[in-house]
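Novice:
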Amino acid sequence: MIDSKIMCYTIPGKITKINGKKAIVEYFGEEREILNEFSDIKEGDFVYAQGGYLINKVPEEEALESLKFWKENFKTLKELDKNLAVTGFAKPSDKLIPILKKIQNKKEVSKKELLALLETKDKQDQEIILKTANQIRQQIHSNASCVHGIIEFSNYCRNNCYYCGIRKDAPVERYRLSPDEIIEIGKKAAHKYNFKALVLQSGEDLWYTEEKLSYIIQELRKENLLLFVSLGIRPKETYQKLFAAGARGVLMRFETANQKIFDSMRPQTDFETRIQLIKDLQKIGYIVATGFLVGLPNETNEDIVDNILLTKELQPEMFSFGPLIPSQDTPLKDEPPVKKETMLKIIALTRFAEPDANILVTTALETLDEDAKKEGLMAGANSLMINVTPDAIRNKYHIYDNRAQNDKDIQKNIDQTIKLMQSLGRAPSDIGLK
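Numbered by this note's numbering, the letters in the sequence shown go through residues 3 to 436 in order.
(1) With contact counted as at least three CB pairs below 8 Å, one residue from each stretch, are the stretch 208 to 219 and the stretch 409 to 421 in contact?
(2) State the Cα-Cα distance for the pair alanine 406 and lysine 44, rounded to the nearest angstrom.
(3) If I measure Cβ to Cβ from threonine 122 and keep anything under 8 Å in the same chain, skipping five residues before and after, which residues do I get?
(4) For leucine 119 and glutamate 337, I'd like the C-alpha separation in whole angstroms.
(5) Any idea if alanine 92 is buried or exposed, counting beta-carbon neighbours within 10 angstroms, 16 or more meaning buried?
(6) In angstroms, rounded to a whole number, what distance separates the CA positions of lysine 342 and glutamate 372?
(7) Please classify lysine 77: is it buried, with 16 or more other beta-carbons within 10 angstroms of its beta-carbon, or exposed?
(8) Out of Phe273, Asn404, Phe294, which one is the CA nearest neighbour of threonine 352?
(9) Is the beta carbon of valine 296 sitting closer than 8 Å to the one on proline 318?
(10) Name the DSSP beta bridge partners of cysteine 166, please?
(11) Where does phenylalanine 321 sit, in a helix, a strand or coil, going by DSSP?
(12) For the candidate residues Leu253, Ala246, Leu69, Val149, whose alpha-carbon lies nearest to that of glycine 234?
(13) If the criterion is Cβ atoms closer than 8 Å, does the pair glycine 53 and lysine 16 meet it?
(14) Within 10 angstroms of its Cβ, does arginine 428 collect 16 or more other Cβ (buried), or is it exposed?
(15) Indicate whether alanine 355 and lysine 314 have their beta-carbon atoms separated by less than 8 Å.
(16) Would you identify the three-state DSSP class for arginine 353, choosing helix, strand or coil?
(17) How close, in whole Å, do the beta carbons of arginine 139 and asparagine 384 come, if the pair is a contact with beta carbons under 8 Å?
(18) Which parts of the stretch 227 to 278 are runs of the beta strand (DSSP E), unbroken and 3 residues or longer, counting only runs that do not cross its ends?
(19) The beta strand (DSSP E) spanning arginine 139 covers which residue range?
(20) For the candidate residues Gln418, Ile395, Cys163, whose alpha-carbon lies nearest to that of glutamate 183?
(21) How close, in whole Å, do the beta carbons of threonine 18 and alanine 51 come, if the pair is a contact with beta carbons under 8 Å?
(22) With a threshold of 8 Å between beta-carbons, can glycine 248 be considered close to chain B, or not?
(23) Counting only the same chain and skipping the five closest in sequence on each side, list residues whose C-beta sits under 6 Å from that of lysine 80.
(24) Roughly how many angstroms lie between the CA atoms of asparagine 260 and isoleucine 218, to the nearest whole one?
Here it is as structure tokens:
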């Protein structure tokens with residue numbers, strides 16, 4: 003099994019060219035362009051990169067040791083991934099053939115065609131849809147699968163969203179981590195668990211001022227981490243200050259493309275404000291992850307396809323969507339759960355709509371079924387998150403019932419994820435080695 007101490011969720015590369023704030027990094031003979039914000043990097047240096055950003059310089063001895071390991075193992079993993087992506091195809095039904103041919107010829111799929119795929123009931127056709135999506139993922143991303151950690155640092159929220167277990171009126175035990183506690187958890191994630199990218203997530207908790215958030219980000223950036231924030235609606239100026247402090251990614255879903263459903267599920271929040279902020283974040287320079295929630299009341303299959311297409315229109319670096327899981331003490335506590343098969347088809351359809359997308363397997367999907375993480379990766383997804391929030395408070399971030407990873411030891415969860423990736427031939431990189 004791959005040692006988690008060696009597998010630090012990215013592979014070192016060598017700088018071959020620098021042109022202003024852009025640099026070319028070579029990985030096993032293939033070159034990739036990244037953004038370089040360091041003044042002391044020179045050609046010939048070894049570096050780690052995540053999300054298209056140079057994260058830090060790596061001592062040559064450390065880099066060569068890691069590359070020696072990967073040179074011996076990467077080819078084996080790559081071949082396994084390729085073989086898994088091309089085996090076991092059955093004959094599709096006549097109605098599926100023209101759509102699949104269009105997808106394989108890299109032509110844009112229409113809304114009508116996506117809807118037809120989503121509404122496919124035939125089990126064999128459903129399996130073909132998932133396998134085709136995985137094949138496209140492999141052709142574009144090879145065996146690259148990025149792995150990020152997430153710290154949930156506060157469950158206070160000013161909003162009263164009907165679907166959320168930490169909504170303002172929910173009778174849950176509240177907690178807030180201090181800035182220094184968050185920093186210590188982040189340092190542990192970087193040094194003990196070897197993460198190179200972390201998401202800092204909370205409810206919309208204004209106790210964390212610009213100054214507090216900037217301090218947290220500045221301190222954690224010193225640990226050579228790519229930092230995402232998931233804080234909800236804040237002024238554009240706040241996000242500009244957090245970018246200046248060192249944050250480089252934002253996770254912010256629009257939740258649904260259907261404005262009537264949005265208004266009914268998110269009282270006293272505004273759809274257009276959310277969409278505009280997502281666009282503003284991209285202009286600031288953030289790596290943006292966005293998407294939607296599946297299974298809200300009155301949602302139709304057409305709404306689901308519209309959700310996929312709106313995400314595509316926003317052109318995020320990562321697609322994030324998950325199923326509604328009913329939570330106690332919320333207005334939606336009696337809603338039926340979304341079927342795993344539906345979520346897997348949505349992953350596949352997203353891959354068809356945006357072939358080069360990074361698609362996240364969410365914890366909510368994992369919650370539906372213990373095999374859902376593996377099945378999501380085999381349906382076209384290529385990104386994972388591991389919860390590194392301390393055990394003592396993880397259960398208090400109760401956004402829905404029976405959440406996956408809540409009862410898992412962090413190291414055990416990491417080891418199981420590495421074992422899963424190894425079994426599928428995936429490698430820890432979001433660069434897309436080929």
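No residue lacks a Cβ here, since even glycine has one placed at the ideal position from N, Cα and C.
Specialist: The relevant details are as follows:
(1) no
(2) 43 Å
(3) Leu98, Gln128, Ile131, Lys347
(4) 25 Å
(5) exposed
(6) 11 Å
(7) exposed
(8) Phe294
(9) no
(10) DSSP lists no partner for cysteine 166.
(11) strand
(12) Leu253
(13) no
(14) buried
(15) yes
(16) helix
(17) 6 Å
(18) 228 to 232, 251 to 253
(19) Not the beta strand (DSSP E): arginine 139 falls in the alpha helix (DSSP H), residues 125 to 143.
(20) Ile395
(21) Not really, about 13 Å apart at Cβ, beyond 8 Å.
(22) In summary, chain B is missing from the structure at hand, where a single protein chain is found.
(23) Asn145
(24) 35 Å
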